[in-house]
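Encoded as structure tokens, the structure appears first; notes follow it.
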Amino acid sequence: MRLRNVPGSREYIENSPYAINDANALKGLWRSYFKRDTDTPLYIEIGTGKGRFICEHAGNNPDIIYVGIEKFSSVIIRAIEKAESFEPDNLRFIRFDADNIESIFDKGEVDRIYLNFSDPWPKDRHAKRRLTSSGFLKRYDNILAPSGDIVFKTDNRSLFDFSVEQANESGWNIDGLTYDLHNSPFNTDNIMTEYEERFSSQGIPICRMVITR
1 MRLRNVPGSR
11 EYIENSPYAI
21 NDANALKGLW
31 RSYFKRDTDT
41 PLYIEIGTGK
51 GRFICEHAGN
61 NPDIIYVGIE
71 KFSSVIIRAI
81 EKAESFEPDN
91 LRFIRFDADN
101 IESIFDKGEV
111 DRIYLNFSDP
121 WPKDRHAKRR
131 LTSSGFLKRY
141 DNILAPSGDI
151 VFKTDNRSLF
161 DFSVEQANES
171 GWNIDGLTYD
181 LHNSPFNTDN
191 IMTEYEERFS
201 SQGIPICRMV
211 ITR
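Under the working numbering, the final residue of the sequence shown carries the number 213; numbering is consecutive throughout.
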């Protein structure tokens with residue numbers, strides 16, 4: 001899908017107090033940046049889109065640090081605008097490509113990674129670009145705390161099956177797996193993304209799993 005350019009979005013992002021422009025300088029220092037204790041949980045969302053999911057989480061859980069990561073300026077600007085509307089002190093955004101995720105988070109620094117409705121990259125030659133590929137799982141393994149986890153949701157059954165396979169082959173444990181989240185016991189505390197609401201309204205089942213070491 002072609003993304004519409006938003007004039008001035010990069011400048012807006014650079015000047016917002018809810019955007020971090022030099023995330024590399026915060027590697028290993030995220031809790032200090034947020035002025036939180038060293039045991040404060042740090043959750044990140046890769047592919048944060050327009051921010052509904054992470055903004056609602058941050059508002060509901062003030063004792064958890066949230067960092068939203070999105071590589072498209074025209075999308076993340078909407079997430080930043082949402083944050084500016086309620087001014088959380090536990091949420092920031094980074095315009096960044098997750099390929100280099102290890103350059104901004106230290107080993108074991110992250111407690112949870114959310115992957116919501118990631119790009120399926122349907123062509124086989126693009127499989128390595130999928131955020132649940134074995135290559136990305138290796139990156140996540142380096143930044144996740146020993147007890148950390150990855151929560152993955154998608155409407156794309158092919159991507160979900162691929163993700164289950166990659167997790168198994170990479171030696172991760174799979175918990176909370178469902179092929180129909182909204183009709184499962186795991187839906188009790190579920191927060192929907194913009195995509196999730198749209199797909200669910202069309203009767204498309206949502207797949208979800210949690211993976212751990």
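Think of the CB as a built atom: it goes at the ideal place given N, C-alpha and C, for glycine as much as any other residue.
Contact check, Ile64 vs Pro41 under 8 angstroms by CB: the rounded distance? 5 angstroms
What residue range is occupied by the uninterrupted alpha helix (DSSP H) comprising Lys82? 73-86
My output table needs one value for Leu159: the three-state DSSP class, helix, strand or coil. Here Leu159 sits in helix by DSSP.
Taking the beta carbon of Phe86 as the centre, do at least 16 other beta carbons fall within 10 Å, making it buried, or is it exposed? exposed
Assigned secondary structure, Arg208 (DSSP; H/G/I helix, E/B strand, else coil): strand
How is Tyr179 classed by DSSP in three states: helix, strand or coil? coil
Ordered along the chain, which non-local residues of its own chain (more than five positions away) have a Cβ less than 7 angstroms from that of Arg194? Arg is not the amino acid found at residue 194; the sequence shown has Glu there. Taking C-beta separations shorter than 7 angstroms and ignoring five residues to either side along the sequence, the partners of Glu194 in its chain run Gly49, Lys50, Arg52, following chain order.
Could you say which of Tyr140, Ile174, Asp97, Thr178 lies nearest to Arg157 if we only look at CA atoms? The candidate whose alpha carbon is nearest that of Arg157 is Thr178.
Backbone CA spacing between Met209 and Thr154 [nearest angstrom]: 9 angstroms
Run the proximity test for Thr188: is its beta-carbon closer than 6 angstroms to any non-hydrogen atom belonging to the ligand PLP? The ligand content of the structure shown is nil, which means the ligand PLP is not present either.
Of all the options Phe136, Asp99, Asn60, Ile20, which has the alpha carbon lying nearest to the alpha carbon of Arg92? Ile20
Any idea what DSSP makes of Val151, helix, strand or coil? In the structure shown, Val151 sits in a strand (DSSP, three-state: E or B).
Could you tell me which of Ile69, Ala98, Gly47, Asn90 sits nearest to Arg36, measuring between CA atoms? The residue from Ile69, Ala98, Gly47, Asn90 with its alpha-carbon nearest to that of Arg36 is Asn90.
What first and last residue would you give for the alpha helix (DSSP H) that runs through Glu11? 9-15
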